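> For reference, the structure I am asking about is given below.
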Amino acid sequence: MNVSIVIPTLNETRVFEQTLANVMRLPCHELIVVDGGSGDHTVDIARKFTPHVIQSPPGRAEQMNRGADQASGDLLLFLHADSWIRPESFLKMVQFLASKPLAVGGAFSLAIDSDRWSLKLISHIATLRARHLHLVYGDQAIFVRRQVFRDLGGFAPLPICEDLDFFRRLRKQGPVMLLDDCAFTSARRWITDGVTLTTLRNTLIAGLFLLGFSPHILSRWYLAVR
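Just remember that my numbering sits 923 ahead of the position in the sequence shown, which is counted from 1.
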């Protein structure tokens, strides 16, 4: 099973080289980076690791859709620019889908890359949320069969919560799996903005989105309180 990894980027110089170094350890078919107009050296860094660098209007949903359009793998794995998985976790993902032909995709458990007890607790709660409430965020490395992704029309053109929306629709297509293996994500947001504010903000936005509030209004509010 060939896997295409798609990473959307926007001004990620500070973390991106380490992410790509981790990604290059994975036996993937191709790595596609979709940049949304970075003003730093993100694109230069990407081109050191892959010939598949695409320019796109900014917006994570749009960028991931454009990357998926160019992908040739049987399976799509979407990673954030500050997230990665281990090679053994990658293989478990492939083995799961190879052994479950009716399964359509899934995601990983979350591990925030920090020794802080508060962030370890948040990682644990996020995994429980995903497992029992089926609320999966993009930093959990969503994966999906390419044909299923196309059947769904890709990510909806939302400015925020496109990951929650996509996984909710994905579950209606067939069995999904939340793997015990972790997707690791940088702690930079929590450290920069504060653990309490970041957690409350993310929880509130997700809750309001699920209650039907406009993603466009939520996006403006999110940017205002960052």
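Cβ coordinates follow ideal geometry from the N, Cα and C atoms, glycine included.
In this text, all values refer to a predicted model and were calculated from it rather than measured experimentally.
Within a Cβ cutoff of 7 Å, which residues of the same chain sit near Val976, ignoring the five residues on either side of it in sequence?
Val956, Asp958, Val966, Ala969 and Arg970
> Which residues share a DSSP beta bridge with Glu953?
Ser927
> Please report how far the alpha carbon of Thr936 lies from the alpha carbon of His1057, in whole angstroms.
32 Å
> From His964 to Thr932, what does the alpha carbon distance come to, in whole angstroms?
11 Å
> Taking the straight line between their C-alpha atoms, what separation do you get for Asn934 and Ile1045?
26 Å
> Exposed or buried, what is Glu985 when buried is set at 16 or more other beta-carbons lying within 10 Å of its beta-carbon?
buried
> Exposed or buried, what is Asp1103 when buried is set at 16 or more other beta-carbons lying within 10 Å of its beta-carbon?
exposed
> When the distance is taken between beta carbons, is Val938 closer than 8 Å to Gly1028?
no
> Gln993 bridges to which residues according to DSSP?
DSSP lists no partner for Gln993.
> Could you name each continuous beta strand (DSSP E) segment of 3 residues or more that falls completely within the region 991 to 1047, going from the start of the chain to the end?
998 to 1001, 1006 to 1008 and 1028 to 1036
> What is the DSSP secondary structure of Arg948, reduced to helix, strand or coil?
The DSSP-derived three-state label of Arg948 is coil.
> For Glu1167, is the classification buried or exposed, using 16 other Cβ atoms within 10 angstroms of its Cβ as the cut-off for buried?
As displayed, the chain neither begins before 924 nor continues past 1149, which places residue 1167 out of reach and without an answer.
> Evaluate the contact criterion for the region 1020 to 1034 versus the region 1049 to 1064: three or more CB pairs, one atom per stretch, below 8 Å.
Yes, they touch.
> Compute the beta-carbon to beta-carbon distance between Arg1069 and Leu999, rounded to the nearest angstrom, for a pair I have assumed lies under 8 Å.
About 5 Å separates the two Cβ atoms, so the contact holds.
> Using 8 Å as the threshold, is the C-beta distance between Ala1004 and Gly1097 below it?
no
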